[in-house]
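Number 65 in numbering that gives the first Met the number 0 belongs to position 66 of the sequence shown; there are no gaps in the numbering.
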Amino acid sequence: MKLNVKAMALACGLIWGIALFSLSWWIIAFDGAREQVTSLVGSVYLGYSVTPAGSFVGLLWGFFDGLIGGAIFAWLYNLIVGRAASGKS
Numbered sequence: 000m001k002l003n004v005k006a007m008a009l010a011c012g013l014i015w016g017i018a019l020f021s022l023s024w025w026i027i028a029f030d031g032a033r034e035q036v037t038s039l040v041g042s043v044y045l046g047y048s049v050t051p052a053g054s055f056v057g058l059l060w061g062f063f064d065g066l067i068g069g070a071i072f073a074w075l076y077n078l079i080v081g082r083a084a085s086g087k088s
């Protein structure tokens, strides 16, 4: 069974973007927003910080990162499944 690359990319993008957005607000709610907090995520995604504005930057970065990652994963999966199916015939 092959994966739909567009659907997988969109699903991964939405999940990763919303997860990063939710994580930001979880930290803000329980620890408070701090502009100076440098996080591992902030070192990967330019402009991200644990602030309300930074959570929207993280949402965008997470969406596009998940979109690309999901597309690559689905493409590789389809490639491997296709070769395995043609080898068994």
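Just so you know, even glycine gets a beta-carbon here, dropped at the ideal spot from N, CA and C.
1. Apply the 10 Å Cβ neighbour rule to M0 and answer buried if 16 or more other Cβ atoms are within range, or exposed otherwise.
2. In chain order, what are the residue ranges of uninterrupted alpha helix (DSSP H) at least 4 long that sit wholly in the stretch 26-60?
3. Taking DSSP as the reference, what is the three-state secondary structure of F77?
4. Please report the distance separating the alpha-carbon of A84 from that of L78.
5. What three-state label does DSSP hand M0 in the structure shown?
6. Report yes if the CB atom of F55 is closer than 8 Å to the CB atom of W15, and no otherwise.
7. Excluding the 5 residues preceding and the 5 following G41 in the sequence, name in chain order all residues of the same chain whose CB lies nearer than 7 Å to its CB.
8. Check the C-beta distance from C11 over to G57 and give it rounded, since I have them as a contact under 8 Å.
Based on what the coordinates show:
1. Taking the sequence shown and counting its residues from 1, the one referred to as residue 0 is at position 1. Under this definition M0 is an exposed residue.
2. Restricted to the stretch 26-60, the alpha helix (DSSP H) segments that are unbroken, complete and at least 4 residues in length are 39-43, listed in chain order.
3. Working through the sequence shown from its first residue, we reach residue 77 at position 78. Phe is not the amino acid found at residue 77; the sequence shown has Asn there. The answer is helix: DSSP assigns N77 an H, G or I state.
4. On the sequence shown, position 85 is the one that residue 84 refers to. On the sequence shown, position 79 is the one that residue 78 refers to. So the two alpha carbons sit approximately 10 Å from each other.
5. As a position in the sequence shown, residue 0 is number 1, starting the count at 1. The DSSP-derived three-state label of M0 is coil.
6. Position 56 of the sequence shown holds residue 55. Position 16 of the sequence shown holds residue 15. Going by C-beta atoms, F55 is not nearer than 8 Å to W15.
7. Start at 1 with the first residue of the sequence shown, and residue 41 comes out as number 42. Taken in chain order, the residues that qualify are Y47, S48.
8. Sequence index remark: in the sequence shown, residue 11 carries index 12 (1-based). Sequence index remark: in the sequence shown, residue 57 carries index 58 (1-based). That pair is no contact at about 15 Å.
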